[in-house]
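This report concerns only the one structure given below.
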Amino acid sequence: MHMKTTMYYDSGCPVCMRGVRHYRRVDWARRLAWSDLMANPDALADEGVSFADAMEHLHVRDRRGRLHAGGYAFLTLWDELPGYRRIAWLLRTLRLSAPFDRIYRRLNRGRYLKRCEAGVCFVEGKTLE
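Printed below as a string of structure tokens:
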């Protein structure tokens, strides 16, 4: 089964949206699909990923339908983008994928909860799980 690589993103996050706009610009071959978790909060529920977990870290579904999270999601996303493919290749070749994932997760720990505390995370019918 082949499909487009899909990035699941948080449209309520200004930093996230800067990244999405950038990736859309450089995706000139239109290899990526986009799924706004704020508009579709149950997008990853079938995978056993709660809304809160989906919002905590980047999630990307590859062309074969496998779901990747955290730093590994970035590597999967970058595989599809000119210029970024080399970065993903280099991180994998140097065996830096796992450290990259750990750093990403550490930097983003509590991201969504912090946004909620600021009062900008409401999605009707959804609570943090």
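Terminal number for the sequence shown in this note's numbering: 149, no gaps in between. For glycine and all other residues, C-beta sits at the position ideal for the given N, C-alpha and C. Source: prediction; values computed, not measured.
Would residue i and residue j qualify as a contact pair, given that the criterion is a beta-carbon distance under 8 Å?
i: Leu97; j: Val69; result: no
i: Met27; j: Gly85; result: no
i: Asn128; j: Glu67; result: no
i: Phe94; j: Leu78; result: yes
Below 8 Å on the Cβ atoms is my guess for residue i versus residue j; work out the distance and round it to an integer in Å.
i: Ala89; j: Asp99; result: Not confirmed; about 15 Å, so no contact.
Using CA coordinates, which residue listed in the options is at the minimum distance from residue i?
i: Gly91; options: Leu64, Asp56 and Arg112; result: Arg112
i: Ala59; options: Asp82, Ala74 and Arg115; result: Ala74
i: Leu52; options: Leu101, Glu76, Asp62 and Leu110; result: Leu101
i: Asp56; options: Leu110, Arg45 and Cys36; result: Cys36
i: Ala49; options: Glu76, Thr25, Arg38 and Arg129; result: Thr25
Quick one: what's got a C-beta closer than 6 Å to residue i's C-beta in the same chain, skipping five residues either side?
i: Val40; result: Tyr29
i: Asp121; result: Gly90, Gly91 and Tyr92
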